[in-house]
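Heads up: the structure comes next, in structure tokens.
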Amino acid sequence: MAHWHTRREAMQNSSNHTDSMLSELLLTEMTRLGRTDKQPLHRQLYEAIRRSIIDGKIGAGDRLPSSRELTADLGLSRNTVIAAVSQLVVEGYLESHVGSGTFVKNSVPKTYGNRRPIVEAAVGTLSARGHALASSYCATELEVQPFSSGIADFSAFPVALWQRLQNKHWRMAYPDMLDYSDAGGYAPLRRALADYLRVFRSVPLQAEQIIITSGTQQSLALCAHMLADHGDTVWLEDPAYWGATKVFMAAGLHTHPVAVDQEGIAPTATDEVMAPRLIYVTPSHQYPTGEVMSLVRRHLVLELAHKHQAWVLEDDYDSEFRFSGPPISSLTGLDSGERVLYMGSFSKVLYPGLKLGYLVVPPRLVSAFGQAHYDLNRPGQLLLQAALAEFIEMGHFASALRRARQSYAERRRCLLAALQPCLGPAAYITGAEQGLHLCLRLAPDADDRTLAAQLAQVGLTVRPLSAYCLRRQDARGLVIGYGYTPLADIERCGPFLTRTLMAALAQGQKASRKR
900 MAHWHTRREA MQNSSNHTDS MLSELLLTEM TRLGRTDKQP LHRQLYEAIR RSIIDGKIGA
960 GDRLPSSREL TADLGLSRNT VIAAVSQLVV EGYLESHVGS GTFVKNSVPK TYGNRRPIVE
1020 AAVGTLSARG HALASSYCAT ELEVQPFSSG IADFSAFPVA LWQRLQNKHW RMAYPDMLDY
1080 SDAGGYAPLR RALADYLRVF RSVPLQAEQI IITSGTQQSL ALCAHMLADH GDTVWLEDPA
1140 YWGATKVFMA AGLHTHPVAV DQEGIAPTAT DEVMAPRLIY VTPSHQYPTG EVMSLVRRHL
1200 VLELAHKHQA WVLEDDYDSE FRFSGPPISS LTGLDSGERV LYMGSFSKVL YPGLKLGYLV
1260 VPPRLVSAFG QAHYDLNRPG QLLLQAALAE FIEMGHFASA LRRARQSYAE RRRCLLAALQ
1320 PCLGPAAYIT GAEQGLHLCL RLAPDADDRT LAAQLAQVGL TVRPLSAYCL RRQDARGLVI
1380 GYGYTPLADI ERCGPFLTRT LMAALAQGQK ASRKR
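Mapping of the sequence shown onto our numbering: residues 900 to 1414, in sequence order.
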């Protein structure tokens, strides 16, 4: 028995020594990454582990230290560690065994020595457009995330009910439900959507005008291919939504930035020199500033579209979450010339991975768009669409929206209260009346990129407003997301965010005075 205890202690000591070495390796890699990488801490840890696996520094079958051990060894929060490790499990780098731990999978490809990583080696083989798409306006740098790192909170969504509806439709699936969809989508879902949009968004339409897509990106791509030719000009709001920018780049369009002010997009005679074929706008909650387009500007956009025979693409990405002020009607509702295409998705109300959206096209475009969508995208997911149609028809969508709105309103209130000490002549908030993010606007000479990087070093994810700008140099601020962030995290991290911000702003002002 004594011999067994001695052997077990030796094995434990060996395991502890290995864990310590792995932790030291990851700490070194994170320190190196932190000097050049502006990602939040959970992304830095994710990259440190991923690169160590790919480079062969951590071998197939190696056991990672537990989340508790990594938390202690690396000086990180446990949520940060869990978020990084969970992502690597999802992506297939790691596998977890209950009771045994987390291990490197045997199937992960590696690059050794001085060989370049596969992605870097591939850049030289890309087209000029491919290189631009891979290296600019990247989602990893611009997508608004919950500002406190950790596991995203989707508790407002009724997961069990949703699973039952999907299982029901799988059990009763007819053969044609497993085929492609050549009718623009599942008819009951299109009818339910038409009823919803007519009542709540003042969109005048018939169900036949709705095309079910895989989300806003696909809706935008379809519009770009059907309504514009290579080299045509698209007007974009500046600051801009990164996703739209990438879609139009991929379609070979010329992007022309038009500055946004407190009334939304503000085109001038100078902009009209670059006559648009497409005008992309987010009028109800400009992305990312949150400004609402005024009625005067809405009429101006429609007049310019008529004048230049352009098409307006209205992205109504988060209109369901209006927390204060009167409801804002759609731009489409003002359009008597049928030059506006309206789009939205279910990602905010339900969950991002659902990947179902919709595009409303004018009657004269229905046939052409339906045919092109079928030819280009081979749409399907009819069983998922059937479950969603029943979800809406039985009132579950309205209930889920109501719960989500209440939940996010409380998180918004908590974040606004925490940010209050930051506000003053040099800092104010826009966009807090709607959506799942707000924008803390700063003075035009503020270094918002450095501020965002400093916050990332302490585990807080915000985005610098200037990073969304296409041409203008005067927009500075921080885009702060609170969607999917647990209320407890906002209560805990909100004051810390404010204190860190105030200290950084004071330091910046002091340095500015010295200059």
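The C-beta atom is built at its ideal place from N, Cα and C for all residues, glycine as well.
No experiment lies behind these values; they were computed from the predicted model shown.
Worksheet item: By a C-beta neighbour count over all protein chains shown, 10 Å radius and 16 as the cutoff for buried, is TYR1247 buried or exposed?
Response: The residue asked about is misnamed: residue 1247 is Lys in this sequence, not Tyr. When all chains shown are included, LYS1247 counts as buried.
Worksheet item: Residues in its own chain within less than 7 Å of ALA1020 by CB, not counting five upstream and five downstream?
Response: Summary for ALA1020: the model assigns pLDDT 49, below 50, so the residue's position carries little reliability; its value from the coordinates is reported in the next sentence. Same-chain partners within the cutoff: there are none.
Item to complete: Would you list, in sequence order, the uninterrupted alpha helix (DSSP H) runs of no fewer than 4 residues that lie entirely inside the stretch 1043-1126?
Response: 1058-1070, 1086-1099, 1115-1126
Worksheet entry | Neighbourhood of ALA1286 by C-beta, 6 Å cutoff - its chain only, sequence neighbours within 5 removed | LEU1064, GLN1065, HIS1068
Worksheet item: Do you know whose CA, among SER965, ALA1331, GLY1163, lies nearest GLY998's CA?
Response: SER965
Worksheet item: According to DSSP, is GLN1333 helix, strand or coil?
Response: For GLN1333, the three-state secondary structure derived from DSSP is strand.
Item to complete: Tell me the start and end of each unbroken alpha helix (DSSP H) in the stretch 1254-1310 that is at least 4 residues and wholly inside, in chain order.
Response: 1265-1276, 1281-1292
Worksheet entry | Which residues DSSP lists as bridging PRO1156, in chain order | LEU1135
Discussion item. My assumption, with CB atoms under 8 Å, is that SER922 sits in contact with ASP961. Please give the rounded CB distance.
Written reply: About 13 Å separates the two Cβ atoms, so there is no contact after all.
Item to complete: Pair every Cβ in the stretch 1198-1210 with every Cβ in the stretch 1077-1086, then say whether three or more of these pairs are closer than 8 Å.
Response: Between the stretch 1198-1210 and the stretch 1077-1086 there are fewer than three C-beta pairs closer than 8 Å, too few to call the two in contact.
Fill in: Counted within 10 angstroms of its Cβ, other Cβ atoms place SER1235 as buried (16 or more) or exposed
exposed
Worksheet entry | Other residues of its chain near HIS1124: CB distance less than 8 Å, five sequence neighbours each side excluded | ALA1150, ALA1271, LEU1275
Practice prompt. Let me know the beta strand (DSSP E) ranges lying completely inside the stretch 1212-1249, each 3 residues or longer, listed in chain order.
Written response: 1239-1244
Discussion item. At the level of alpha carbons, what is the spacing between LYS956 and THR927?
Written reply: 12 Å
Worksheet item: Going straight from the alpha carbon of SER1223 to that of LEU940, what length do you get?
Response: 34 Å
Worksheet item: Going by alpha carbons, who is nearest to TYR1273 out of SER1118, GLU1040, VAL1361?
Response: Measuring from the Cα of TYR1273, the nearest candidate turns out to be SER1118.
Worksheet entry | Top-ranked residue by Cα proximity to GLN1161, from MET1242, THR1329, VAL1259, PRO1074 | Minimum Cα distance to GLN1161 is reached at THR1329.
Worksheet item: Apart from the five residues on each side of it in sequence, which residues of its chain come closer than 7 Å, Cβ to Cβ, to GLN911?
Response: Any reading at GLN911 is ruled out, since the residue's pLDDT is 43, under 50, leaving its predicted position unreliable.
Item to complete: Note down the Cα distance separating HIS1336 from ALA982, rounded to an integer number of angstroms.
Response: 21 Å
Item to complete: Less than 8 Å between the CB atoms is what I'm expecting for PRO1182 and TRP1134, so what's the real figure, rounded?
Response: About 13 Å separates the Cβ atoms of PRO1182 and TRP1134, ruling out a contact at the 8 Å cut-off.
Worksheet item: How many Å lie between GLU994 and VAL988 at the Cα?
Response: 6 Å
Worksheet item: Under the DSSP definition of a beta bridge, which residues are partnered with TYR1179?
Response: LEU1135, LEU1212
Worksheet item: Looking at the structure shown, is GLU994 part of a helix, part of a strand, or coil, going by DSSP?
Response: DSSP places GLU994 in the strand class (E or B) of the three-state scheme.
Discussion item. Using a Cβ-Cβ cutoff of less than 7 Å, which residues in the same chain neighbour GLU1309 once the five nearest sequence positions on both sides are dropped?
Written reply: LEU1386
Worksheet entry | For ALA1352, the nearest candidate out of ARG949, ARG950, PHE1046, PHE1002 (CA to CA) | Ranking ARG949, ARG950, PHE1046, PHE1002 by Cα distance to ALA1352 puts PHE1046 first.
Practice prompt. Hey, could you find the ends of the alpha helix (DSSP H) LEU1377 is sitting in?
Written response: Segment 1376-1380 is the beta strand (DSSP E) holding LEU1377; no alpha helix (DSSP H) there.
Worksheet entry | Which of helix, strand or coil DSSP assigns to THR1001 | strand
Worksheet item: Taking all protein chains shown into account, do 16 or more other C-beta atoms lie within 10 angstroms of the C-beta of PRO1016, making it buried, or fewer, making it exposed?
Response: Interpretation of PRO1016 is limited by its pLDDT of 46, a score under 50 that renders its predicted location unreliable; the figure taken from the coordinates is listed afterwards. Answer is exposed; the Cβ neighbour count stays below 16.
Practice prompt. Kindly indicate the opening and closing residues of the alpha helix (DSSP H) around ILE981.
Written response: 977-989
Practice prompt. Label TYR1036 either buried or exposed according to how many other C-beta atoms from any shown protein chain fall within 10 Å of its C-beta, with 16 as the threshold for buried.
Written response: buried
Worksheet item: Grouping DSSP H, G and I as helix and E and B as strand, with all else coil, what is CYS1338?
Response: Judged by DSSP in its simplified three-state form, CYS1338 adopts strand.
Worksheet item: On the three-state DSSP scale, how would you describe LEU1369?
Response: coil
Practice prompt. Could you check if VAL1098 is buried or exposed, using at least 16 other CB atoms within 10 Å of its CB as the buried criterion?
Written response: exposed
Worksheet item: Around the Cβ of GLN1406, are there at least 16 other Cβ atoms within 10 angstroms (buried) or fewer (exposed)?
Response: exposed
Worksheet entry | Terminal residues of the alpha helix (DSSP H) in which HIS1205 lies | 1194-1207
Practice prompt. Flag this pair as touching only if the stretch 1370-1377 and the stretch 1037-1044 have three or more C-beta atom pairs under 8 Å; answer yes or no.
Written response: These segments do not touch.
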